[in-house]
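Residue numbers (the UniProt record's numbering), protein chains in the order written: chain A, 1 to 247; chain B, 1 to 247. Notes follow the structure.
There are 2 protein chains.
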Amino acid sequence: MPNETWQPPPVLLTVDLVILTLRSSTLHVLVIERGIAPYKGHWALPGGFISDAGEDIVDAARRELREEADLDATSLHLEQLGTYGRPDRDPRGRIVSVAHLAIAPGLPEPEAGTDASAASWCPVEEFTSGRRSLAFDHHQILDDGLERARTKIEHTSLATAFCDETFTITDLQRVYEAVWGFELDPRNFYRKVQAVPGFLTPVGSDRRTTRGRPARLFQAGPEHLLRPPMMRPLPPDQNPPTQSETK
Amino acid sequence: MPNETWQPPPVLLTVDLVILTLRSSTLHVLVIERGIAPYKGHWALPGGFISDAGEDIVDAARRELREEADLDATSLHLEQLGTYGRPDRDPRGRIVSVAHLAIAPGLPEPEAGTDASAASWCPVEEFTSGRRSLAFDHHQILDDGLERARTKIEHTSLATAFCDETFTITDLQRVYEAVWGFELDPRNFYRKVQAVPGFLTPVGSDRRTTRGRPARLFQAGPEHLLRPPMMRPLPPDQNPPTQSETK
DNA sequence: CTAGCTTCTTGTCAGTTCAACAAAAAGCAG
DNA sequence: CTGCTTTTTGTTGAACTGACAAGAAGCTAG
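Below you can see the structure in the form of structure tokens.
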């Protein structure tokens, strides 16, 4: 019970970033090699302290995005993921981190930031498989970010955030396949995405070609919520009882 | 750029709670009348400061749930909603709040807690309609909590958290209707929920009755993710173009 | 104790969607 | 032109959806 003299204990606030992108059809996350203690020399998610008492949290996330990844937050998707405050998560003391999820299209190779000795894109599979590990509770944060991405591309247009301004339907399919981790039928995918009102806007008869038949170009449509959603099939180990079988 | 002497600014951390329940088929939220400044005498969401530097955030939420609402957190749904840290959100200074969403079944009339002069269930419609207002940015938090509930009962079993241990399918339908704000066909609803594998487990031939034919009793099943999801129909103002019309 | 009322449960049926596969279209390389 | 790749359009049977009818199982009133 708080008495008259009790004062709430102050904590230090950081932002951490799960920045995802697609490189050669594989899902990558941006990680840094820590240049300072604790966990010096280990891999970690980019992030840092709130810079001053007047800085909004999302502004801090945007700033770190710029400082540590040289990415412009105005052009890419950024959302709050969750707040991680286990008392023992940081050996320096009570440090609470507001994690964010960022989705970036394409490519630019990142540069080392202020307190990171190296920053690089790494396939997420390196971490989910356990081959590489992350400092602090960043493994948990990454898992939560991936799960958020997996479920959110089901019923929102988030997948378009992985693509450039204009893209083909096959480009979009690569996003779904990389995030979900299995392949989809191109013919059914092709019609399904176009059947969702407001998901995609065709950009005038423009096309682009590499090897096969040229593909139509689209851009993200006005609708953020996908109805009907792009439901991923259940894992193949489950035998889904159909409504008729159940009766 | 942080120099050698720079120290991250400490902030004060609070937890706030959006506690939802159903009373006579209407969605209610628990609000308190603030007993202390700021906003003394205004309505607000229950919440409070982290009690000490070693308290985990979710533990703080559980504690506030007990202190301010006399609810046992072990038996009800509690999840993190989001973190609100606009620099000007609290006139006392830089106070960051980790909001949580709690779902409670039924009934007990709450009692006034430590720094709340009154606590009571209030229909959410009072706030969403603008008839009543909330202190701080709690209106935003409530809106976010409601939206989270609306979308989450679509593809998770969250709706069962509004019900008692055992419940009828009509009970469950009332939850969906209250949260979504419109009525559903009982006959289609009846079969739809039972067609989702793992959503409901029938409890042995038990029944219960008030006026009509006795209804079967169920309890929450083992599955947390609903496949297929309980999709709400789109708002009636939209004319959904069918796939065949689109072609 | 039967008629009527309420609520729960099962049936039915047409329109729509979905997944799997075939096939056509459109470019390029040789 | 022939073959190869990739994109786009068709087809088809099974499954799901939403709207509604009808039966089942209690209670209450007369």
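Don't be surprised by glycine CBs; every beta carbon is placed ideally from N, CA and C.
A Cβ-Cβ separation of about 7 Å places R92/B in contact with P38/B under the 8 Å criterion. Contact annotation: S75/B and D16/B have beta-carbon atoms that are not nearer than 8 Å.
Judged by beta-carbon spacing, A119/A lies within the 8 Å limit of L30/A, meaning their Cβ atoms are closer than that value.
A Cβ of chain A is located within less than 8 Å of the beta carbon of L13/B. At least 8 Å separates the CB of T201/B from every CB of chain A. Under a 10 Å Cβ-count criterion, W6/B is classified as exposed, with fewer than 16 other Cβ atoms of the shown protein chains found around its own Cβ. Cβ proximity to chain A below 7 Å picks out T83, G85, R86, P87 and R94 from the segment 83-94 of chain B.
When the beta-carbon positions are compared, G35/A and L81/A stay at least 8 Å from each other. Counting every other CB atom within 10 Å of its CB across the protein chains shown gives L200/B a total of 16 or more, marking it as buried. Ranking S157/B, P228/B and L20/B by CA distance to the CA of L45/B puts L20/B first.
Taking a contact as a CB-CB distance under 8 Å, the pair G47/A and T26/A does not count as one, their CB atoms being some 23 Å apart. In the DSSP assignment, G93/B falls outside any alpha helix (DSSP H) and carries neither an H nor an E. Per DSSP, the continuous alpha helix (DSSP H) segment holding I169/B begins and ends at I169 to W180. Secondary structure of P10/B (DSSP, three-state): strand.
Annotated three-state conformation of T156/B is strand, per DSSP. In terms of Cα proximity to P233/A, the closest of V196/A, R211/A and F189/A is F189/A. In the displayed model, A118/A falls within a strand according to three-state DSSP. Distance from the CA atom of D206/B to the CA atom of A159/A, rounded to whole angstroms, is 47 Å. Put simply, the segment 175-186 of chain B does not touch the segment 130-143 of chain B. Fewer than three CB pairs are less than 8 Å apart. With a threshold of 8 Å between beta carbons, Q80/A makes contact with chain B. For P9/A, the nearest beta carbon of chain B is closer than 8 Å to its own beta carbon. A residue is called buried when at least 16 other Cβ atoms come within 10 angstroms of its Cβ; G85/A meets this threshold and is buried. If you check the CB distance, E223/B and G198/B come in under 8 Å. Between G221/A and chain B, the shortest Cβ-Cβ separation is not below 8 Å. The DSSP-derived three-state label of G47/B is strand. In this chain, the alpha helix (DSSP H) harbouring D59/B covers I57 to A69. Counting the other Cβ atoms within 10 Å of the Cβ of K152/A gives 16 or more, which makes it buried. R94/B and V18/B have their alpha carbons spaced roughly 21 Å apart. Distance between R174/A and D90/B, taken at the CA atoms: about 45 Å. For P123/A, the secondary structure class from DSSP, reduced to helix, strand or coil, is strand. Under the Cβ distance rule, I19/B does not count among the residues neighbouring chain A, no pair being separated by less than 8 Å. Restricting attention to T210/A, H155/A, A215/A and Q219/A, the CA atom closest to the CA of M231/B is found in H155/A. Rounded to the nearest whole angstrom, the C-alpha separation of Y176/A and D164/A is 15 Å.
Distance from the CA of G106/B to the CA of T166/B, rounded to the nearest whole angstrom, comes to 12 Å.
Between F49/A and chain B, the shortest Cβ-Cβ separation is below 8 Å.
Inclusion of T170/B and R216/B in the CB contact set at 8 Å is not warranted, their separation being larger than that value.
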